[in-house]
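Numbering (the numbering used here), first residue to last: 1247 to 1749. All C-beta atoms, glycine included, are put in the ideal place defined by N, C-alpha and C. Below is one structure; the comments refer to it alone.
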């Protein structure tokens, strides 16, 4: 290498080497002070991308653990309430057994019945008031399917704990049955027929059966019918779909009961015209000889809250002249009316109406003859329907009307098997919740192990190996000191040239 005046290449080279060592020394200090091997993307671009995905999954898993633990707390809240309901049901069965024996008079049995009703009221209070974080647990609102798309606070609970949204890996549902008197089958009813229907919550279907009723007989039954001169009135609420109403006579000598369908404003959709002056077997008039005109029916319905206030009878859209007609008006799409205008005596001879959908509340009448002819008014009926979210609000609304009565020996005896069924229903709810709690506890354990191992993997990518980095730091520190000393020597080389020039 030449000895030159303009450039000191030795010093330049040593300065470059010194800068490299100093830069590495700074990196070692940064890694040691931050504790991270990958503190910026330039440290390990691929490692940084993998680490950030892992960190998001770890945070999600830890939140999932909290979600699962919250669900366990929720289940324990519901189970504690059900344990109290269990005590009430046992006491109610004890009281029913006491009232069922013949060694008590009516006054004493009324006292027993009052305690029985009080126990029932407490079951309802617990069922309707038990909540967790504002979520009602035992009022039946947690028994319905729900996908989380709406804002309604009902539907089975979707407990989410995974890092994605796969139903096989990341969440499952917890449903809770109705622990009120209504759900346990011990309610008198609140004047709505669907309160005593068989409800398939999962598939959103209902079946309501009347095995042998007497039209117009005000017997206090919970079927939601308003007795009216040999006619019963029912409401078909919004939210029912694919409805099938099948009716028939159940006693010899009874005329087949027809179903007459109205809107809640008084427009008649199906059935015979109640405004005919007189009726015969072939041509029924005045609603099966009971003397009620269309407007009288609507006016009477107002008293029972079935027709809208101020409703006026309108028979202009009658369907009933022949079977198989259809209509799309007045809040319903009716697809089939079978044997609508025929009257046949004796048991059987079913009549069927199918309705696609109910868009506004409808009213239907069912009856046979007149209030004074009980034999002729015996009927059977089945309502089958699907339902949607709008009907669920109807189903949840209103109280249960109190517990079934036990104020007579016969009623008390009849109550015993119903209480047994209520206990089984309650036990099914508790057993399901217990199984779900065990599953959630296992889920928490699995999530904790998964999060721990993922954290270890993320640590291997992200964290600084302090021992190795300290070795690098010491080496870079020594090299920096050495390079600094050598740079000083290289900077002194031009002095040799000055010595030559001075001789």
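Have a look at residue 1318 and residue 1683 and give me their C-alpha separation to the nearest angstrom. 6 Å
Does the stretch 1423-1432 come close enough to the stretch 1671-1688 to have 3 or more Cβ pairs within less than 8 Å? yes
Hey, would you say residue 1710 sits closer than 9 Å to residue 1283, going by beta carbons? yes
Let me check understanding here. Comparing Cα to Cα, which of 1338, 1404 and 1431 lies closest to residue 1320? 1404
Between residue 1467 and the rest of its own chain, which residues show a CB-CB distance below 6 Å, the 5 nearest in sequence each way excluded? Note on residue 1467: pLDDT 38, under 50, position unreliable in the model; no value is reported.
Opposing strand residues paired with residue 1627 [DSSP bridges]: 1456 and 1493
Give the range of the beta strand (DSSP E) segment to which residue 1480 is assigned. 1477-1482
Where does the unbroken alpha helix (DSSP H) through residue 1404 begin, and where does it stop? First-last for residue 1404: 1403-1406, but that is the beta strand (DSSP E), not the alpha helix (DSSP H).
Cα-Cα separation between residue 1739 and residue 1273, rounded to whole angstroms: 32 Å
Go through its chain and collect everything with a Cβ distance to residue 1672's Cβ below 7 Å, but skip five positions before and after it. 1328, 1331, 1332, 1335, 1425 and 1430
Judging by CA-CA distance, which residue of 1674, 1477, 1685 and 1713 is the nearest neighbour of residue 1611? 1477
Thinking C-alpha only, which one of 1355, 1512 and 1304 is nearest residue 1341? 1355
Could you pull the DSSP bridge partners for residue 1487 from this structure? 1603 and 1632
Output needed for residue 1358: all residues of its chain with C-beta closer than 6 Å, excluding positions within five of it in sequence on either side, in chain order. 1341, 1344 and 1345
Which two residues bound the contiguous alpha helix (DSSP H) that contains residue 1514? Careful: residue 1514 lies outside any alpha helix (DSSP H), inside the beta strand (DSSP E) at 1514-1516.
Considering only the beta carbon of each residue, do residue 1281 and residue 1712 sit closer than 9 Å? yes
Helix, strand or coil for residue 1389 per DSSP? coil
Residue 1377 to residue 1538, Cα distance in whole Å? 49 Å
The stretch 1379-1386 / the stretch 1408-1420 touching (three or more Cβ pairs under 8 Å): no
With DSSP as the reference, label residue 1560 as helix, strand or coil. strand
Short of 8 Å in beta carbon distance, which residues of its chain neighbour residue 1350, apart from the five on each side in sequence? Order them along the chain. 1344 and 1358
Output the distance between the C-alpha atoms of residue 1314 and residue 1691, rounded to the nearest integer angstrom. 10 Å
Return the CA-CA distance between residue 1277 and residue 1294, expressed in angstroms with no decimal places. 14 Å
With C-beta atoms as the reference, is residue 1459 less than 9 Å away from residue 1383? no
Residues bridged to residue 1451 by DSSP? 1446 and 1632
Is the separation between the beta-carbon of residue 1552 and that of residue 1481 shorter than 9 Å? yes
Residue 1724 versus residue 1695: straight-line alpha-carbon distance, rounded: 44 Å
Is the closest heavy atom of the ligand ATP to the C-beta of residue 1421 under 8 Å? The ligand ATP is not part of this structure, which contains no ligands at all.
Could you tell me the distance, in whole angstroms, from the CA atom of residue 1292 to the CA atom of residue 1259? 33 Å
Starting from residue 1417 and walking both ways along the beta strand (DSSP E), at which residues does that stretch end? 1417-1420
Name the residue from 1457, 1488 and 1508 whose alpha carbon lies nearest to the alpha carbon of residue 1479. 1508
Rounded to a whole number of angstroms, what is the C-alpha to C-alpha distance between residue 1306 and residue 1636? 35 Å
Whole angstroms are fine: how far does the CA of residue 1601 sit from the CA of residue 1540? 22 Å
Could you check the C-alpha separation between residue 1416 and residue 1485 for me, to the nearest Å? 32 Å
Among the candidates 1487, 1348, 1445 and 1308, whose CA atom is the shortest distance from the CA of residue 1387? 1445
Simplified DSSP assignment, three categories, for residue 1712: helix
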